[in-house]
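In the working numbering, the protein residues as written are 16 to 392.
C-beta: ideal position from N, C-alpha, C; glycine also.
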Amino acid sequence: MTGRPVPLSRRPRAGLAPVGLRLVSLLAFPLALTGCTSETADYCDDLTPCGAGYRCNVAMLTCVAVPRANADRGPGRGGSDGSVGRVGGDAAPDAGSDAAGPGRADRDRDGDPDLTDCAPDNAAVAHGKAETCNQGLDDDCDGVADGVDSQGCLVYYADRDGDAFGAAGEGQCLCAPKAPHLVINDRDCGDGDADIKPGARERCNRIDDDCDQLTDEADGPLPPIECKMFYPDADHDGFGAAAGGKCLCAGNAEVPATNREDCYDGNFEAKPGQTKLFERDRGDGSFDYDCDGLATPSVKASTNASCEWVNQSDNPDAEVWECVARFQQLPPVVWVGSVPACGAEGVFSRGCVDDGIMGMTGAYCHLGRTSRVQGCR
């Protein structure tokens, strides 16, 4: 704008301005239109105010439009607040307008100057705003859109082995999954191995393969992979029963034996390799103590032989008599008559007995006998 301010003491009252001064004003008007397109042709001074929405440019003595923010304040003297505007025709500065000064313009009035605001035309985006999950908008102007812990985020857990189960304690609150945080559960107990996860088949490897906080255990009806059979050993003789075995990674108190060779698990003495004889059954009516499938008696032989004195000398004149079995050689260990059953009592032979009594008929020779119970194994 051109022109020099006219001192108030020298300005004419409205309607009485000298012709020369009016001519100067009219001559300056075209220049004002060239430099300030918002000016009007209305004359104004301190005694002749402008209409509503305008203020007096005292340099040019013409009315100019008042910025919208100031126009709402109501009519007044000069500017809308009743004051004469600044020299040069500028409106009073507004913090939210481009006239707030260099570097202070804030078009969207969000409190963040346009020079620093990453979205100067969006009042929802400014430094200090809360980051929100909204598909890529950088709400707080920190250079990261939809960052960690944004409002509306969901916790995703790391799944490096791709088994669809996340690692416990390795979660981030994200707006969308981002490798390695890809799943919304944290049930994986071994995120470096895809075979280790909830629902996996347990293996004999001293690892919790199915993440149930148990190791090398059976999973219901399914035994662990690579298991071995173990059997009950109720009598603790080191030999397992044929029934009741389980396939496990290791034996336990219920099934400690690695074999199923015991023929009767209710008697410690009944087991393979037993050499002792027993006169009572093992507990189930059987005398098969050595688990060979048979009740083996201690003595199977019997005899009906009798004894007599016999001259054992080749010299007829010699008298060498001996008490021996008659008609057959008497076994050293034998039952007399019949062989009793296991555990039954019978007559047992002691062999031919010379009672050493001499008389008219000579010495007596007879079969010695005793009672005995048949032992078996």
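The beta strand (DSSP E) enclosing residue i, as first and last residue numbers
i: arginine 295; result: No beta strand (DSSP E) holds arginine 295; DSSP gives it neither H nor E.
i: phenylalanine 245; result: 243-245
i: alanine 80; result: 77-80
i: valine 388; result: 380-388
i: tyrosine 69; result: 69-72
i: lysine 286; result: Counting along the chain, lysine 286 falls outside any beta strand (DSSP E), and DSSP gives it neither H nor E.
i: glutamine 187; result: 186-189
i: leucine 263; result: 261-263
Short Cβ contact (8 Å threshold) for residue i with residue j
i: cysteine 242; j: glutamate 276; result: no
i: aspartate 154; j: aspartate 174; result: no
i: isoleucine 2; j: arginine 218; result: The structure shown does not extend to residue 2, since the chain is modelled only from 16 to 392, so the question has no answer here.
i: aspartate 157; j: cysteine 188; result: no
i: phenylalanine 180; j: lysine 144; result: no
i: serine 313; j: leucine 345; result: no
i: arginine 297; j: asparagine 319; result: no
i: aspartate 201; j: alanine 182; result: yes
i: valine 335; j: serine 328; result: yes
i: cysteine 391; j: alanine 316; result: no
i: cysteine 278; j: aspartate 303; result: yes
i: aspartate 123; j: alanine 138; result: yes
i: proline 247; j: aspartate 280; result: yes
Proximity test, residue i beta-carbon vs the ligand SAH heavy atom, cut-off 7 Å
i: arginine 70; result: For the structure depicted, the ligand SAH is absent and the ligand set is empty, with no information on it obtainable.
Coil, strand or helix - residue i by DSSP
i: lysine 144; result: coil
i: tyrosine 171; result: strand
i: cysteine 306; result: coil
i: serine 321; result: strand
i: proline 108; result: Low confidence applies to proline 108: its pLDDT is 42, below 50, so where it sits in the model is not reliable, and the reading given next is rough at best. Coil, per DSSP.
i: glycine 366; result: strand
i: aspartate 279; result: Here residue 279 is tyrosine; the residue named in the question, aspartate, does not match the sequence. Residue state, collapsed to three classes: coil.
i: leucine 152; result: coil
i: histidine 196; result: strand
i: valine 351; result: strand
i: proline 312; result: strand
i: glutamate 360; result: strand
i: alanine 272; result: strand
i: aspartate 203; result: strand
i: aspartate 225; result: coil
i: aspartate 121; result: coil
i: aspartate 234; result: strand
i: alanine 86; result: Its pLDDT being 44, under 50, alanine 86 is placed unreliably by the model, and the measurement read from it follows with that caveat. In this structure, alanine 86 counts as helix in the three-state DSSP scheme.
Per DSSP, cross-strand counterpart(s) of residue i
i: isoleucine 240; result: Arg218
i: asparagine 326; result: Trp336
i: arginine 392; result: Per DSSP, none; premise fails for arginine 392.
i: arginine 341; result: Ser321
i: aspartate 60; result: Thr63
i: glutamine 166; result: Thr147
i: alanine 182; result: Asp203
i: aspartate 136; result: DSSP, once it has assigned bridges, lists no residue as partnering aspartate 136.
Chain-order list of residues whose beta-carbon lies under 7 Å from that of residue i (same chain, five-residue window excluded)
i: phenylalanine 245; result: Gly260, Lys261, Leu263, Gly266, Val270, Pro271, Ala272, Thr273
i: cysteine 168; result: Cys148, Cys188, Leu189, Cys190
i: aspartate 223; result: Cys204, Leu229, Thr230
i: aspartate 176; result: Asp206, Gly207, Asp208, Ala209
i: proline 135; result: Arg122, Asp123, Asp129
i: cysteine 357; result: Phe302, Ala310, Pro312, Gln389, Cys391
Neighbourhood of residue i by C-beta distance below 6 Å, restricted to the same chain and skipping five residues each side
i: glutamate 323; result: Arg341, Cys380
i: valine 388; result: Glu294, Glu360
i: valine 170; result: Gly186, Cys188
i: aspartate 234; result: Glu217
i: glycine 66; result: none
Residues of its chain near residue i, where Cβ-Cβ distance is below 8 Å and the 5 sequence neighbours each way are ignored
i: arginine 384; result: Val351, Val362, Phe363, Ser364, Arg365
i: serine 386; result: Glu360, Gly361, Val362, Phe363
i: glutamine 166; result: Ala145, Glu146, Thr147, Cys148
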